[in-house]
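Chemist: What follows is a structure written as structure tokens; I'll ask about it next.
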Amino acid sequence: MPKLISGAEIVFKALEDQKVEYIFGYPGGAVLPIYDELKNHKSIKHILARHEQGAGHAAEGYARSSGKPGVLLVTSGPGATNAVTALTDAYMDSVPLVCISGQVPTHLIGTDAFQECDTTGITRPCTKHNWLVKDANDLSRVLHLAFEVATTGRPGPVLVDIPKDIQFKKGKYKFIKNSLKKKLNGKATHKLSNKELDKFIELMKKSSKPIFYTGGGVINSGPNASKYLRELVSLTGFPITSTLQGLGSYPGDDPQFLGMLGMHGTFEANNAMHDCDLMINIGARFDDRITGKVDEFSPKSTKIHVDIDPSSIGKNIKVDLAVVSDVSELLKSLIKRFKEKNKNFLNSNKQKTSKWWEQIDKWREKKSLNFINSNKIIKPQHAVQRLYELTKDQDTFITTEVGQHQMWAAQHYKFNKPNRWMTSGGLGTMGYGLPAAIGVQIANPGKLVVDIAGEASVLMTMQEMSTAVQYGLPIKIFILNNEYMGMVRQWQELLHEKNYSESYTAALPDFVKLAESYGCVGIRAKTPDELDEKIKEMINVQKPVIFDCVVDKSENCFPMIPSGKPHNQMILGPEEDEEISDEGKILV
Amino acid sequence: MPKSKSAYSIPGKIGKTERHIIVVWVDNEAGVLARIAGLFSGRGYNIESLAVAEVDKKKHISRITIVTEGTPQVIEQINLQLKKLVPVHKVADFKRGEKDILFRELALFKMLANSKKQEKIKKLCKKFNPVVLDKTKKSFVIQVTALRAEIDKLALDLKRFGLISTSRTGSVAMTKGAKIFN
Chain F
1 MPKLISGAEI VFKALEDQKV EYIFGYPGGA VLPIYDELKN HKSIKHILAR
51 HEQGAGHAAE GYARSSGKPG VLLVTSGPGA TNAVTALTDA YMDSVPLVCI
101 SGQVPTHLIG TDAFQECDTT GITRPCTKHN WLVKDANDLS RVLHLAFEVA
151 TTGRPGPVLV DIPKDIQFKK GKYKFIKNSL KKKLNGKATH KLSNKELDKF
201 IELMKKSSKP IFYTGGGVIN SGPNASKYLR ELVSLTGFPI TSTLQGLGSY
251 PGDDPQFLGM LGMHGTFEAN NAMHDCDLMI NIGARFDDRI TGKVDEFSPK
301 STKIHVDIDP SSIGKNIKVD LAVVSDVSEL LKSLIKRFKE KNKNFLNSNK
351 QKTSKWWEQI DKWREKKSLN FINSNKIIKP QHAVQRLYEL TKDQDTFITT
401 EVGQHQMWAA QHYKFNKPNR WMTSGGLGTM GYGLPAAIGV QIANPGKLVV
451 DIAGEASVLM TMQEMSTAVQ YGLPIKIFIL NNEYMGMVRQ WQELLHEKNY
501 SESYTAALPD FVKLAESYGC VGIRAKTPDE LDEKIKEMIN VQKPVIFDCV
551 VDKSENCFPM IPSGKPHNQM ILGPEEDEEI SDEGKILV
Chain H
589 MPKSKSAYSI PGKIGKTERH IIVVWVDNEA GVLARIAGLF SGRGYNIESL
639 AVAEVDKKKH ISRITIVTEG TPQVIEQINL QLKKLVPVHK VADFKRGEKD
689 ILFRELALFK MLANSKKQEK IKKLCKKFNP VVLDKTKKSF VIQVTALRAE
739 IDKLALDLKR FGLISTSRTG SVAMTKGAKI FN
């Protein structure tokens, strides 16, 4: 007869067996038995956030920068509803999270008890799966299954709702080893056949205008996937572009890299996507920010799509060769097969793709990321460029909020390694970056972690600075402060006749004083002359820093694919507008 | 060219829709129907009819039959999304009108009718395996099993015979011959 232990103990036993080191959370009435048990488990450290959303994003930052699942512990009712934004964010961006929530005792469920809500009902559409545990003997099985579902197949969030009486009740603990390890969401995985690989290779050999289009799936597949991707790209000599979430899987400063694609991607990446004859999508999902107008998306290309999630294939864009697979596994066998059969591919193919590269170089000459710099006022792009130059020699982790600053960070900060770039892409959650930076710093002590932020976004979760101070996490909040919700203002300028409805924030706090009141360091830069010195000061401070970078209020983020337009009709920027005014204006 | 006021793309052409019958085997656990129904409503798919019951008492497996309509792309998504749900074991998909599949719906009709009328009603229902479940001097409850379109028509015809209440199930499906779904 196995020893009976309380539900709360079972929770910690399961966390220990899953090798969890950190949990991010916030206590409350319905999880108190679990919090009471915390003191008996020294290997698990709890990070107290200031809001459950902050705890959730911190767990996401932890997961994305470490490759391990993030664990979140919240109470019932408002604790759970506050976590919903973070869960949805993790669902959209495929981040493995395990959220444990307290619930009112089983006999009170359904009576509208104090701090009761239908947590499993509310989180059903924003988790891969969730469970309400009504028997302490079920708890260990459910918890281990929860970790398994969160981390296998396409990763994502799960939630385990535990009523308070179950946390007290005694039950059996059993560690069930991951039984579905090689399965996708519990379904058998697809075994790659040589026939499939040969078809893949055949398409690559036939192509004279190929492009790799890679996404977050490469990062999620682990560091090996990035290694293999680099090998395959160099073996083939093909150009490569990446989605927002894929940045870092291929070196950002490599000549074969065309930069990010999509709505604010580079001219060369988007035009290459439009004109290519072979598109090799590895771990990306043809998101609407990427495809633009679906009917006119890359009309002449043969498309290969590699994805671990079968429902991602054919959802938005029809493809010619679908491969359901983990990216690492596919690339490994593809490279092996490729090398066996095509020893001199690179040389024989150079001629075939030389015209394509010439065309790409012509697009590159447009220098679509250029902007008109100023010596009086800090241009936000310039600020990101200087931040990159001054931090590129150390292993730097970047998180962002959502908006113009996020796009400028993606355009101008060059990533060389996977798991160094944490941004809310799918859900586009303002307020993501600051708490995410906390999680990143926890997972990577001693490393430089910078949240490239906007002043509007960062105020949504500013309270988490207090968390950073409590745990001595020297995160740097680099605010590109233009006093506007920049992206909202930009769309209002371009699409709504400059009616800047509610996009200006009056009465912003003094960020330097705000930093001081939290017990961290505040730095302000107002002119381009002082920028470098101030950034260096920020890097050298061993405390959390809020950096108020006062930038041009009216700068827009270019290049841009206007809504409803295909990839080859980008707006490059204001300077172009003056030259080809009439046509350009119609495009705007 | 009209200006788009949206940061989202303009909808493309919508393809031709087809009616499909999707059969799903699920663990019969709390909330499973909400997961299936939520997937349909959350992604904007359509449920025309639904029939659910446990078919394996030991393993607690329920069989759900869903009639839906969508473009081939949407139907494919429904299948793939259903397969991703943790409590779903397998999914079978049939186009309406496929030869090898049997479909049936059941309907109960209550009518206010005297015995003379009742005979006429029975005749009308003759083709659809009629069973009289309840009979009084003034009223009459009859059960029929048929295809949906047939029941639709029958319900219309019965109106003039004093139909006062209709209760119908969703469609259930099964393959012909010795073959089973897999």
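Residue numbers (this note's numbering), protein chains in the order written: chain F, 1 to 588; chain H, 589 to 770.
C-beta: ideal position from N, C-alpha, C; glycine also.
A quick note: this is a predicted structure, and the numbers were derived from the prediction, not measured.
Can you tell me which of F:Lys-339, F:Met-279 and F:Ser-249 puts its alpha carbon nearest to the alpha carbon of Phe-415 (chain F)?
Modeler: Stepping through the first sequence from its first residue, residue 415 (chain F) is reached at position 415. For the residues F:Lys-339, F:Met-279 and F:Ser-249, the minimum Cα distance to Phe-415 (chain F) belongs to F:Ser-249.
Chemist: Pull up the CB-CB distance for Ser-301 (chain F) and Cys-276 (chain F), whole angstroms please, since I reckon it's below 8 angstroms.
Modeler: Numbered from its first residue, the first sequence carries residue 301 (chain F) at position 301. Numbered from its first residue, the first sequence carries residue 276 (chain F) at position 276. That belief holds up - the Cβ atoms of Ser-301 (chain F) and Cys-276 (chain F) are roughly 5 angstroms apart, short of 8 angstroms.
Chemist: Quick one: give me the first and last residue of the alpha helix (DSSP H) that Leu-87 (chain F) is part of.
Modeler: Position 87 of the first sequence holds residue 87 (chain F). Start and end: 78-92.
Chemist: Could you have a look at Met-462 (chain F) and say whether DSSP puts it in helix, strand or coil?
Modeler: Reading the first sequence from its first residue, position 462 is the one you call residue 462 (chain F). Helix, per DSSP.
Chemist: Please state the DSSP three-state secondary structure of Phe-511 (chain F).
Modeler: Working through the first sequence from its first residue, we reach residue 511 (chain F) at position 511. It is helical.
Chemist: If we define contact as Cβ-Cβ less than 8 angstroms, is Ile-652 (chain H) a contact residue for chain F?
Modeler: Residue mapping note: residue 652 (chain H) aligns to position 64 of the second sequence, counting from 1. For Ile-652 (chain H), the answer is no, since every Cβ of chain F falls outside 8 angstroms of its Cβ.
Chemist: Measuring only from the beta carbon, is Gly-246 (chain F) closer than 7 angstroms to any heavy atom that is part of the ligand ZN?
Modeler: Looking for the ligand ZN in the displayed structure turns up nothing, as the structure carries no ligands at all.
Chemist: Quick one, which of F:Asn-540, F:Phe-558, F:Ala-506 and F:Val-319 has its alpha-carbon nearest Gln-394 (chain F)'s?
Modeler: Start at 1 with the first residue of the first sequence, and residue 394 (chain F) comes out as number 394. Gln-394 (chain F) has its Cα closest to that of F:Asn-540, out of F:Asn-540, F:Phe-558, F:Ala-506 and F:Val-319.
Chemist: Quick check: is the beta carbon of Val-674 (chain H) nearer than 8 angstroms to any beta carbon in chain F?
Modeler: Working through the second sequence from its first residue, we reach residue 674 (chain H) at position 86. Yes, its Cβ sits closer than 8 angstroms to a Cβ of chain F.
Chemist: From the DSSP secondary-structure annotation, give me the bridge partner or partners of Leu-278 (chain F).
Modeler: As a first step, residue 278 (chain F) must be located in the first sequence, where it is residue number 278. Paired residues: F:Pro-210 and F:Thr-302.
Chemist: Is Leu-427 (chain F) helix, strand or coil when you go by DSSP?
Modeler: Sequence index remark: in the first sequence, residue 427 (chain F) carries index 427 (1-based). In the structure shown, Leu-427 (chain F) sits in coil (DSSP, three-state: anything other than H, G, I, E or B).
Chemist: Taking its Cβ as the centre, do 16 or more other Cβ atoms sit within 10 Å of Asn-370 (chain F), making it buried, or is it exposed?
Modeler: On the first sequence, position 370 is the one that residue 370 (chain F) refers to. Exposed, by the Cβ-count rule.
Chemist: As a quick exercise: from F:Pro-163, F:His-41, F:Lys-293 and F:Val-306, pick the residue whose alpha carbon is nearest that of His-274 (chain F).
Modeler: Within the first sequence, residue 274 (chain F) is the residue found at index 274, counting from 1. When each option's Cα is compared against that of His-274 (chain F), the closest is F:Lys-293.
Chemist: Does Ala-701 (chain H) get closer than 8 angstroms to chain F when you measure Cβ to Cβ?
Modeler: The residue labelled residue 701 (chain H) in the question sits at position 113 within the second sequence. It does not: the Cβ of Ala-701 (chain H) has no partner Cβ on chain F nearer than 8 angstroms.
Chemist: Between the Cα of Lys-209 (chain F) and the Cα atoms of F:Ile-240, F:Arg-64 and F:Leu-494, which residue gives the shortest distance?
Modeler: Residue numbering aside, residue 209 (chain F) sits at position 209 when the first sequence is read from its first letter. Cα-wise, what sits closest to Lys-209 (chain F) is F:Ile-240.
Chemist: Give me the Cα-Cα distance between Ala-453 (chain F) and Ser-140 (chain F), rounded to the nearest whole angstrom.
Modeler: Here residue 453 (chain F) corresponds to residue number 453 of the first sequence, with the count starting at 1. Here residue 140 (chain F) corresponds to residue number 140 of the first sequence, with the count starting at 1. Distance between the alpha carbons of Ala-453 (chain F) and Ser-140 (chain F) is about 40 angstroms.
Chemist: Checking 8 angstroms against the spacing of the C-beta atoms, do Ala-436 (chain F) and Gly-25 (chain F) come in under that value?
Modeler: Here residue 436 (chain F) is taken as the residue at index 436 of the first sequence, counted from 1. Here residue 25 (chain F) is taken as the residue at index 25 of the first sequence, counted from 1. Contact flag unset, no.
Chemist: Under three-state DSSP, which class holds Lys-726 (chain H)?
Modeler: For the purposes of this step, residue 726 (chain H) is identified with residue 138 of the second sequence, where counting begins at 1. Lys-726 (chain H) falls in the coil class under three-state DSSP.
Chemist: When you compare the CB positions of Glu-268 (chain F) and Leu-258 (chain F), do they come within less than 8 angstroms of one another, or not?
Modeler: By one-based count along the first sequence, residue 268 (chain F) stands at place 268. By one-based count along the first sequence, residue 258 (chain F) stands at place 258. Closer than 8 angstroms, so yes.
Chemist: Mind listing the chain F neighbours of Leu-531 (chain H)? Cutoff is C-beta to C-beta under 9 angstroms, in chain order.
Modeler: Nothing in the structure corresponds to residue 531 (chain H), since chain H is present only between 589 and 770.
Chemist: Give the secondary structure of Tyr-596 (chain H) by DSSP, where H, G and I count as helix, E and B as strand, and everything else as coil.
Modeler: By 1-based counting over the second sequence, the position of residue 596 (chain H) is 8. Reduced to three states, the DSSP call for Tyr-596 (chain H) is coil.
Chemist: Starting from Lys-593 (chain F), trace the beta strand (DSSP E) in both directions and tell me its first and last residue.
Modeler: There is simply no residue 593 (chain F) to check, as chain F begins at 1 and stops at 588 in what is shown.
Chemist: Taking CB distances under 8 angstroms as the criterion, tell me whether Lys-601 (chain H) reaches chain F.
Modeler: Numbered from its first residue, the second sequence carries residue 601 (chain H) at position 13. Closer than 8 angstroms: yes.
Chemist: If distances are taken between C-alpha atoms only, which option among H:Ser-637, H:Ala-761, H:Leu-746 and H:Ala-695 comes closest to Leu-721 (chain H)?
Modeler: Here residue 721 (chain H) refers to the residue found at position 133 of the second sequence. The option with the nearest alpha carbon to Leu-721 (chain H) is H:Ala-695.
Chemist: List, from N- to C-terminal side, the beta strand (DSSP E) runs of 3 residues or more that fit wholly inside the stretch 441-510 of chain F.
Modeler: Complete beta strand (DSSP E) runs here, min 3: 448-454 and 476-481.
Chemist: Counting only beta-carbon separations shorter than 8 angstroms, does Ile-624 (chain H) have a partner in chain F?
Modeler: Counting from one through the second sequence, the residue named residue 624 (chain H) turns up at place 36. Answer no: the Cβ-Cβ gap between Ile-624 (chain H) and chain F never drops below 8 angstroms.
Chemist: Answer yes or no: does any C-beta atom of chain H fall closer than 8 angstroms to that of Gly-472 (chain F)?
Modeler: Against the first sequence, residue 472 (chain F) aligns to sequence position 472. So no, Gly-472 (chain F) is outside the interface.
Chemist: Which residue comes first and which comes last in the beta strand (DSSP E) that contains Leu-159 (chain F)?
Modeler: As a first step, residue 159 (chain F) is located in the first sequence; it is residue number 159 there, counting from the start. Where Leu-159 (chain F) is concerned, the enclosing beta strand (DSSP E) stretches over 157-163.
Chemist: Going by alpha carbons, who is nearest to Arg-50 (chain F) out of F:Asp-295, F:Arg-489 and F:Tyr-471?
Modeler: Numbered from its first residue, the first sequence carries residue 50 (chain F) at position 50. It is F:Tyr-471.
Chemist: For Val-384 (chain F) versus Trp-356 (chain F), is the C-beta distance shorter than 8 angstroms?
Modeler: Locating residue 384 (chain F) in the first sequence gives position 384, counting from the first residue. Locating residue 356 (chain F) in the first sequence gives position 356, counting from the first residue. Contact: no.
Chemist: In the stretch 550-580 of chain F, which residues sit with their C-beta less than 8 angstroms from some C-beta in chain H, listed in chain order?
Modeler: From the stretch 550-580 of chain F, only Pro-562, Ser-563 and Gly-564 have a Cβ closer than 8 angstroms to chain H.
Chemist: List the residues of chain H whose Cβ lies closer than 8 angstroms to the Cβ of Trp-491 (chain F), in chain order.
Modeler: What you label residue 491 (chain F) is simply residue 491 of the first sequence in a count that begins at 1. Those are Ala-595, listed as they occur along chain H.
Chemist: With a cut-off of 8 angstroms, does the C-beta of Glu-580 (chain H) fall near any C-beta of chain F?
Modeler: With chain H running from 589 to 770 in the structure shown, residue 580 (chain H) is simply not present.
Chemist: With a CB to CB cut of under 7 angstroms and the five nearest residues on each side skipped, what residues in its chain are close to Phe-147 (chain F)?
Modeler: For this step, residue 147 (chain F) is matched to residue 147 along the first sequence. So the qualifying residues of the chain are Gln-18, Pro-69 and Val-98.
Chemist: Determine, for Pro-299 (chain F), whether the minimum Cβ-Cβ distance to residues of chain H falls below 8 angstroms.
Modeler: Numbered from 1 along the first sequence, position 299 holds the residue referred to as residue 299 (chain F). So no, Pro-299 (chain F) is outside the interface.
Chemist: Taking buried to mean at least 16 other C-beta atoms within 10 Å of its own C-beta, is Asp-253 (chain F) buried or exposed?
Modeler: Position 253 of the first sequence, counted from the start, is the residue given in the question as residue 253 (chain F). Exposed is the call here.
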